[in-house]
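Student: In full-length UniProt numbering, the protein residues as written are 1 to 202. Cβ coordinates follow ideal geometry from the N, Cα and C atoms, glycine included. Quick caveat, the model's predicted, so the values are computed rather than measured. Once you've had a glance at the structure underneath, I'll fire off some questions.
Pasting the structure below:
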């Protein structure tokens with residue numbers, strides 16, 4: 001009986017979290033339509049904060065990881081603090097390193113195969129299986145391009161983001177029913193689409 005109740009609770013939490021697709025969409029957050037290029041501190045932080053708030057409201061299992069990322073983004077975007085100053089100094093190099101094609105090409109190949117809803121969910125599941133190797137590739141790229149000492153600072157930002165990504169994979173993507181017909185499906189949330197953008201659009 002407890003197991004059945006737990007399954008029902010998870011389903012309700014996931015149903016609640018589907019509101020992230022409407023309430024946290026770019027248009028509903030007041031982003032100007034004429035601004036085609038998103039930026040971390042003007043756009044992406046606001047969007048992720050909305051996602052984090054939804055995770056708390058809907059009692060998602062990854063709410064703590066999401067809140068940790070929101071706090072990191074706040075520090076990255078708050079002028080005058082130590083983290084912001086160091087990030088501003090390093091962000092150009094981080095952007096180049098994170099945008100490394102040898103890291104992204106395997107993921108793009110996986111995620112680019114889905115056309116139907118079922119195929120997109122399946123592709124996202126496969127991408128989640130590659131999350132660790134993707135993370136190692138990015139960190140290695142940062143060390144090569146930005147130096148070992150700067151890699152440590154990068155990891156202090158990136159590692160909590162990847163923990164959030166892994167939690168999303170474990171709790172939303174991997175258990176998802178591939179035969180669903182619901183277009184606003186939480187299994188379509190892709191950590192690979194979210195996390196690199198924090199550095200690429202900084």
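Taking only the alpha-carbon atoms, compute the straight-line gap between residue 34 and residue 41 and give it to the nearest angstrom.
Tutor: For the purposes of this step, residue 34 is identified with residue 34 of the chain shown, where counting begins at 1. For the purposes of this step, residue 41 is identified with residue 41 of the chain shown, where counting begins at 1. With a pLDDT of only 48 at residue 34, under 50, the local geometry of the prediction cannot be trusted, and the value read off the model is given with reservation. Computed Cα separation, rounded: 17 Å.
Student: Are residue 70 and residue 49 touching if we call contact CB-CB under 7 Å?
Tutor: The residue given as residue 70 occupies position 70 in the chain shown. The residue given as residue 49 occupies position 49 in the chain shown. In contact: residue 70 and residue 49 (Cβ atoms closer than 7 Å).
Student: Taking all protein chains shown into account, do 16 or more other C-beta atoms lie within 10 angstroms of the C-beta of residue 142, making it buried, or fewer, making it exposed?
Tutor: Here residue 142 refers to the residue found at position 142 of the chain shown. Buried, because 16 or more other Cβ atoms sit within 10 Å of the Cβ of residue 142.
Student: Hey, is the region 108-122 in contact with the region 177-188, meaning 3+ C-beta pairs nearer than 8 Å?
Tutor: The region 108-122 vs the region 177-188: in contact.
Student: Looking only at its own chain, which residues have a Cβ that is under 6 Å from the Cβ of residue 195, when we skip the five neighbours before and after it?
Tutor: Reading the chain shown from its first residue, position 195 is the one you call residue 195. These residues qualify, in order along the chain: 161, 165.
Student: Among 129, 130, 150, which one has its Cα closest to the Cα of residue 139?
Tutor: Counted from its first residue, the chain shown places residue 139 at position 139. The residue with the shortest Cα to Cα distance from residue 139 is 150.
Student: Between which two residues does the alpha helix (DSSP H) holding residue 198 run?
Tutor: If you number the chain shown from 1, residue 198 lands on position 198. Looking at the DSSP string, the run of the alpha helix (DSSP H) that includes residue 198 is 197-200.
Student: Give the C-beta separation of residue 54 and residue 17 to the nearest angstrom, bearing in mind that I take them to be a contact with Cβ-Cβ under 8 Å.
Tutor: To locate residue 54, count along the chain shown from 1; it is residue 54. To locate residue 17, count along the chain shown from 1; it is residue 17. Indeed, because the Cβ distance is near 6 Å, the residues count as touching under 8 Å.
Student: Does the Cβ of residue 133 have 16 or more other Cβ atoms within 10 Å, making it buried, or fewer, making it exposed?
Tutor: The sequence position of residue 133 within the chain shown is 133, counting from 1. Counting Cβ neighbours within 10 Å, residue 133 comes out exposed, since fewer than 16 surround it.
Student: With DSSP as the reference, label residue 34 as helix, strand or coil.
Tutor: Within the chain shown, residue 34 is the residue found at index 34, counting from 1. With a pLDDT of only 48 at residue 34, under 50, the local geometry of the prediction cannot be trusted, and no value is derived from it.
Student: Let's test the definition: count the other Cβ atoms within 10 Å of the Cβ of residue 156 and tell me whether it reaches 16, buried, or not, exposed.
Tutor: Reading the chain shown from its first residue, position 156 is the one you call residue 156. So residue 156 counts as exposed.
Student: If you drop the 5 nearest sequence neighbours on each side, which residues of the same chain put their C-beta closer than 7 Å to that of residue 106?
Tutor: The residue given as residue 106 occupies position 106 in the chain shown. So the list reads 130, once near-sequence residues are dropped.
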